[in-house]
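Going line by line, the protein sequences match chains E and A.
Numbering-wise (the numbering used here), the first sequence opens with residue 1 and increments by one.
Numbering-wise (the numbering used here), the second sequence opens with residue 1 and increments by one.
We put the beta carbon where it would ideally sit given N, CA and C, even for glycine.
Fair warning: this is a prediction, and the values are worked out from it, not measured in the lab.
So the structure is just underneath, and the comments pick up after that.
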Amino acid sequence: MPNRLENEECTVILRPTTRRGAVVGVVASVGALSLGSIRWVAAQPESPKPPPELQLDSGFLDLSQKLTGHFDLDPQTAARVSVGFARIDPALFARMTALIPLARTNQDPPALMKAAKAAGLDDVAHALTAAWYTGTVGSGPKAEVVAYADALMYWPVRDAMAPPTYCFAGPASWQQQPPAVGVSPPVSAAPTPAPVAHPPESKAQ
Amino acid sequence: MKAPVFNNGDVEADLVIVGAGVVGAMIADQLVGEGHSVVMLDAGPRLDRGQVVENWRNLPFESRAGSAYDAPFPQSPHAPAPLYFPPNNYVALSGPDAAAYKQDYVRAVGGTTWHWAASCWRHLPVDFRMRSIYGVGRDWAISYDELEPYYCRAEEEMGVSGPLDATKQSPSQRSRPYLSDMVPWGYGDERFAEVVNPYGYNSVPIPQGRMVKPWNGRPACCGNNNCQPICPIGAMYNAIHHVQRAESKGVRVLAESVVYAIDTDANNRVAAVRWYDADRRTHRGTGRAFVIACNSMETARLLLLAANPMNPTGIANSSDQVGRNLMDHSGFHCTFLANEPLWPGRGPVQSSCMVGFRDGAFRSEYSANKMILSNISRVVPATQQALKLGLVGKALDDEIRRRAAFGVDISISLEPLPDPKNRLTLSKTRRDALGLACPDVYYELGAYVHKGYDAASKQLAHIGSLFNAVEFAITTTLNANNHLMGGTIMGTDPKDSVVDGDCGAHDHANLWLPGGGPIPSASVVNSTLSMAALGLKAADAISRALRRA
């Protein structure tokens with residue numbers, strides 16, 4: 001199932017802007033809805049051909065697909081990821097391209113990660129994974145946003161909620177039962193440990 | 001209808017309001033409706049909602065994960081507000097609890113209600129009598145009963161949905177019902193309350209400035225789960241709604257107009273304010289009545305900046321209390337993974353809150369608390385945690401889903417006491433782009449709050465045990481909640497307070513300072529509805545004064 005978001009209620013249009021790495025999202029329509037009606041299809045970019053700096057090495061897309069296990073990644077987002085790494089960390093990007101041959105012989109994420117580790121490239125593989133999941137290449141002041149609603153982190157919960165800022169299923173729809181969770185409950189070695197220091201994750205209410 | 005009269009960039013109106021936020025905009029709307037000419041000056045720019053939404057989506061993941069709610073809002077170069085990603089050091093904080101006063105606020109037309117979550121709580125009747133009942137803090141100059149009609153009006157102005165069932169109201173002392181029943185709870189709110197309420201935690205619906213039906217030009221809330229930093233569709237109340245309503249009736253709003261001086265006459269009435277426009281040209285606004293409603297910090301800063309020969313320590317400051325008694329609800333967070341999925345992230349960002357320890361005899365010794373069950377989507381922290389585990393592929397997807405579905409974040413608010421030493425002063429070294437002194441703030445919470453933290457922590461450990469919590473954690477550093485209070489505190493004695501029960505300045509017969517600044521007791525609940533109610537009470541006082549004149 002493609003993981004870009006468009007349904008009858010809310011449409012997300014993603015296309016590159018003149019400012020590289022930026023994402024434009026437009027809520028095109030909000031209408032009547034039902035939980036079962038959500039379709040996830042790709043929005044077509046306006047421009048038939050991406051600008052030269054967004055031309056993509058098909059090996060990079062293949063690597064990204066094998067590493068994430070998601071085979072419907074958007075080539076334009078892949079181009080942004082690739083260009084982003086090349087720009088903000090050329091040394092890391094050079095090592096990243098060394099992963100491309102490994103992806104030809106390792107077809108699934110655990111196998112590819114194992115091969116990357118054996119080649120001393122697991123840090124690069126994790127950096128690429130993080131970019132796809134968070135929609136952001138790199139960290140700190142040089143970080144570049146490459147996707148918002150397309151970030152893979154929203155994919156595992158797409159049957160329960162939309163990426164924040166988008167409408168999932170209309171007014172008061174949250175009263176309906178959430179989907180079956182389908183994953184095992186969290187476990188820990190010891191029940192309810194004593195309170196420990198932990199940095200705040202969100203600051204304000 | 002009278003209109004403000006402009007002459008060569010200067011303006012004359014019946015009422016001059018500084019600060020186009022929730023308080024100023026409601027007052028403007030009322031007074032223009034009564035036929036008075038009104039002008040509003042705001043230091044910050046006009047905002048475009050769609051652009052702010054795009055700015056938020058385009059923030060790097062780390063900034064969004066760190067709740068960089070200030071970051072998507074454009075600032076005027078002449079009107080900075082605190083920024084933390086990276087820090088702009090506009091405010092210099094000191095004192096043992098300085099970190100608990102790292103405020104976010106928006107200096108723009110519409111103010112900080114652009115990025116609030118629209119919780120519209122009332123103080124409890126007992127909150128107005130903290131000194132009399134519990135022997136701590138201060139009493140208000142007015143009673144709950146005197147403010148109650150204004151609470152009703154503020155709720156009706158803001159389109160608040162709240163529980164019609166009195167057993168779910170906090171407080172239940174009301175003269176009129178809410179306009180609309182509570183925003184319906186999601187599964188997680190219902191289930192959480194079912195588990196904790198047998199133990200006295202009393203999870204109740206949060207009264208909210210939104211509806212699940214179209215109302216008064218606003219669309220129905222459709223659960224975009226992005227109330228903070230901005231509601232993308234305008235379903236949530238934001239003061240821009242009152243700004244636009246007031247403008248449609250003839251109020252003139254001047255953006256990027258930074259007031260820096262206040263002129264007083266021989267009777268110490270305010271005669272005019274002076275401001276810089278975006279090109280740093282100076283202008284004068286004269287009027288019969290004046291309101292300064294920026295926020296606790298910016299109002300106090302302006303009053304101090306505007307010291308003049310007749311008021312050498314600052315406007316309205318014969319008591320030396322301007323800038324003192326700063327408060328905010330001291331916050332901390334409790335996070336854990338529950339033993340059943342609660343699925344936060346569906347609907348508005350907060351809908352249920354535990355108020356079981358909002359009040360009690362213990363308040364003579366330590367702080368009350370409220371505990372909000374956050375409904376902010378847990379996908380972002382879940383992803384941070386799952387990536388840290390080094391997972392890939394299906395294991396990574398499953399871990400994100402697990403942590404997003406079973407994750408719990410409780411946001412706790414504690415009540416500080418008003419303390420004159422918690423004080424905003426003007427920096428002697430740091431100035432903004434206009435050459436105006438930046439604020440310094442000293443903040444120290446003391447044993448009352450820290451003992452309240454200990455009591456709340458024990459309650460949270462018990463709540464965690466009810467869900468067989470995994471990865472149970474409580475933050476140990478108190479955070480700000482952006483509920484600015486104090487700075488122009490209310491009282492009956494002009495020697496130890498700045499304003500009276502109508503938020504009128506003791507020192508100046510035609511100056512009102514309504515909003516969070518006058519609030520003498522913080523309670524544990526978000527301050528905006530109380531600010532709005534005080535603003536409407538001030539509006540009635542201004543109305544009477546203008547009729548007399």
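key: Pairwise C-alpha distance: Val-126(A) and Gly-360(A)   = The residue you call residue 360(A) lines up with position 360 of the second sequence. The residue you call residue 126(A) lines up with position 126 of the second sequence. Roughly 10 angstroms between the two C-alpha positions.
message = Rounded to the nearest angstrom, what separates Ala-212(E) and Leu-389(A) at their Cα positions?
response = Residue 212(E) falls outside the range modelled here, since chain E spans only 1 to 205, and no answer is possible.
task = Please check if any C-beta of chain A sits within less than 8 angstroms of the C-beta of Phe-85(E).
result = The sequence position of residue 85(E) within the first sequence is 85, counting from 1. Closer than 8 angstroms: no.
query = Cβ atoms of Tyr-90(A) and Pro-77(A): under 8 angstroms apart, would you say?
reply = Locating residue 77(A) in the second sequence gives position 77, counting from the first residue. Locating residue 90(A) in the second sequence gives position 90, counting from the first residue. The answer is no: Cβ separation not under 8 angstroms.
task = Examine chain A for any beta-carbon lying closer than 8 angstroms to the beta-carbon of Val-124(E), and answer yes or no.
result = Position 124 of the first sequence holds residue 124(E). It does not: the Cβ of Val-124(E) has no partner Cβ on chain A nearer than 8 angstroms.
message = If we define contact as Cβ-Cβ less than 8 angstroms, is Lys-451(A) a contact residue for chain E?
response = Start at 1 with the first residue of the second sequence, and residue 451(A) comes out as number 451. No, Lys-451(A) lies away from the interface with chain E (no Cβ there is under 8 angstroms from its Cβ).
inquiry  = The beta strand (DSSP E) that contains Val-470(A), what's its start and end?
reply    = As a first step, residue 470(A) must be located in the second sequence, where it is residue number 470. Taken as a continuous stretch (DSSP letters only), the beta strand (DSSP E) holding Val-470(A) covers 470 to 474.
inquiry  = Taking 8 angstroms as the threshold (C-beta atoms), are Thr-299(A) and Gly-487(A) in contact?
reply    = By one-based count along the second sequence, residue 487(A) stands at place 487. By one-based count along the second sequence, residue 299(A) stands at place 299. Their beta carbons are under 8 angstroms apart, which means Gly-487(A) touches Thr-299(A) by this criterion.
key: Residues from the segment 164 to 190 of chain A in contact with chain E, defined by Cβ distance under 7 angstroms   = Pro-184, Gly-186 and Tyr-187
request  = Check whether the Cβ atoms of Pro-520(A) and Gly-501(A) sit closer than 8 angstroms, and answer yes or no.
outcome  = As a first step, residue 520(A) must be located in the second sequence, where it is residue number 520. As a first step, residue 501(A) must be located in the second sequence, where it is residue number 501. Contact flag unset, no.
task = Classify Phe-71(E) as buried or exposed, calling it buried when 16 or more other Cβ atoms lie within 10 Å of its own Cβ.
result = Position 71 of the first sequence, counting from 1, holds the residue named residue 71(E). Counting Cβ neighbours within 10 Å, Phe-71(E) comes out exposed, since fewer than 16 surround it.
query = In terms of residues, what are the limits of the beta strand (DSSP E) holding Trp-275(A)?
reply = Working through the second sequence from its first residue, we reach residue 275(A) at position 275. Here the beta strand (DSSP E) through Trp-275(A) covers 270 to 276.
ask   = Would Phe-60(E) count as contacting chain A if we go by Cβ distances under 8 angstroms?
value = Start at 1 with the first residue of the first sequence, and residue 60(E) comes out as number 60. Put simply, the CB of Phe-60(E) is far from chain A, with every gap to its CB atoms at 8 angstroms or more.
inquiry  = Tell me which residues share the same chain as Ser-180(A) and place their Cβ nearer than 6 angstroms to its Cβ, disregarding the 5 neighbours each side in the sequence.
reply    = Here residue 180(A) refers to the residue found at position 180 of the second sequence. Answer for Ser-180(A): Ser-161 and Met-211, listed in chain order.
ask   = DSSP beta-bridge partners for Leu-15(A)?
value = Residue mapping note: residue 15(A) aligns to position 15 of the second sequence, counting from 1. DSSP lists Val-38(A) and Ala-289(A) as partners of Leu-15(A).
message = Run through chain A and tell me which residues come within less than 9 angstroms of Trp-155(E), C-beta to C-beta.
response = If you number the first sequence from 1, residue 155(E) lands on position 155. Neighbours of Trp-155(E) on chain A, chain order: Asp-397 and Ile-400.
request  = Starting from Ser-374(A), follow its DSSP beta bridges and name the residues at the other end.
outcome  = For this step, residue 374(A) is matched to residue 374 along the second sequence. Beta-bridge analysis with DSSP links Ser-374(A) to Gln-350(A).
task = Express the C-alpha separation of Ala-532(A) and Asn-422(A) in angstroms, rounding to a whole number.
result = By 1-based counting over the second sequence, the position of residue 422(A) is 422. By 1-based counting over the second sequence, the position of residue 532(A) is 532. If you take the alpha carbons of Asn-422(A) and Ala-532(A), they lie about 24 angstroms apart.
query = The alpha helix (DSSP H) with Ala-461(A) in it runs from where to where?
reply = Within the second sequence, residue 461(A) is the residue found at index 461, counting from 1. Note, Ala-461(A): alpha helix (DSSP H), 446 to 466.
task = Using three-state DSSP, classify Val-5(A) as helix, strand or coil.
result = Here residue 5(A) corresponds to residue number 5 of the second sequence, with the count starting at 1. Strand, per DSSP.
ask   = According to the Cβ coordinates, are Asp-150(E) and Thr-68(E) closer than 8 angstroms?
value = Indexing the first sequence from 1 puts residue 150(E) at position 150. Indexing the first sequence from 1 puts residue 68(E) at position 68. A distance of 8 angstroms or more separates the beta carbons of Asp-150(E) and Thr-68(E).
ask   = By how many angstroms is the C-alpha of Trp-132(E) removed from the C-alpha of Ile-100(E)?
value = As a first step, residue 100(E) must be located in the first sequence, where it is residue number 100. As a first step, residue 132(E) must be located in the first sequence, where it is residue number 132. Those two C-alpha atoms are separated by around 16 angstroms.
task = Kindly list the residues whose CB is nearer than 7 angstroms to the CB of Gln-249(E), restricted to its own chain and excluding five residues on each side of it in sequence; keep chain order.
result = Here chain E covers residues 1 to 205 and nothing more, so residue 249(E) does not appear.
ask   = Where does Arg-431(A) land, buried or exposed, given buried means 16+ other C-beta within 10 angstroms?
value = Here residue 431(A) is taken as the residue at index 431 of the second sequence, counted from 1. Arg-431(A) is exposed by the Cβ-count criterion.
query = Is Thr-429(A) buried or exposed, if buried means 16 or more other CB atoms sit within 10 Å of its CB?
reply = The residue labelled residue 429(A) in the question sits at position 429 within the second sequence. Burial call: exposed.
task = Using a Cβ cut-off of 8 angstroms, pull out every chain A residue sitting near Ala-130(E), in sequence order please.
result = For the purposes of this step, residue 130(E) is identified with residue 130 of the first sequence, where counting begins at 1. Near Ala-130(E) (Cβ distances below 8 angstroms), the residues of chain A are Leu-387.
Residues near Asn-600(A) by beta carbon distance below 7 angstroms, same chain, minus five either side = Shown here, chain A extends from 1 to 549; a query on residue 600(A) therefore has no answer.
key: Ser-543(A): first and last residue of the uninterrupted beta strand (DSSP E) it sits in   = Taking the second sequence and counting its residues from 1, the one referred to as residue 543(A) is at position 543. Here Ser-543(A) belongs to no beta strand (DSSP E); instead the alpha helix (DSSP H) covers 528 to 548.
query = According to DSSP, what are the bridge partners of Pro-87(A)?
reply = Against the second sequence, residue 87(A) aligns to sequence position 87. Bridge partners of Pro-87(A): Tyr-84(A).
message = Just checking: is the beta-carbon of Arg-57(A) within a distance shorter than 8 angstroms of some beta-carbon in chain E?
response = Within the second sequence, numbered from 1, the residue matching residue 57(A) stands at position 57. Closer than 8 angstroms to some Cβ of chain E, the Cβ of Arg-57(A) qualifies, so yes.
key: Identity of the residues DSSP links to Glu-144(E) by a beta bridge   = Residue mapping note: residue 144(E) aligns to position 144 of the first sequence, counting from 1. Its beta-bridge partners are Val-137(E).
ask   = DSSP puts Leu-93(A) in a beta bridge; with which residues?
value = As a working note, residue 93(A) is residue 93 in the second sequence. According to DSSP, which records beta bridges pairwise, Leu-93(A) is partnered with Val-441(A).
Endpoints, beta strand (DSSP E) assigned at Thr-68(E) = Your numbering for residue 68(E) matches position 68 in the first sequence. Thr-68(E) -> not in any beta strand (DSSP E); alpha helix (DSSP H) instead, spanning 58 to 68.
query = Where do the N-terminal and C-terminal ends of the beta strand (DSSP E) with Ile-410(A) fall, by residue?
reply = Start at 1 with the first residue of the second sequence, and residue 410(A) comes out as number 410. Start and end: 407 to 414.
key: 4 or more residues per run - each alpha helix (DSSP H) lying fully within the segment 180 to 221 of chain A   = Runs found: 187 to 196.
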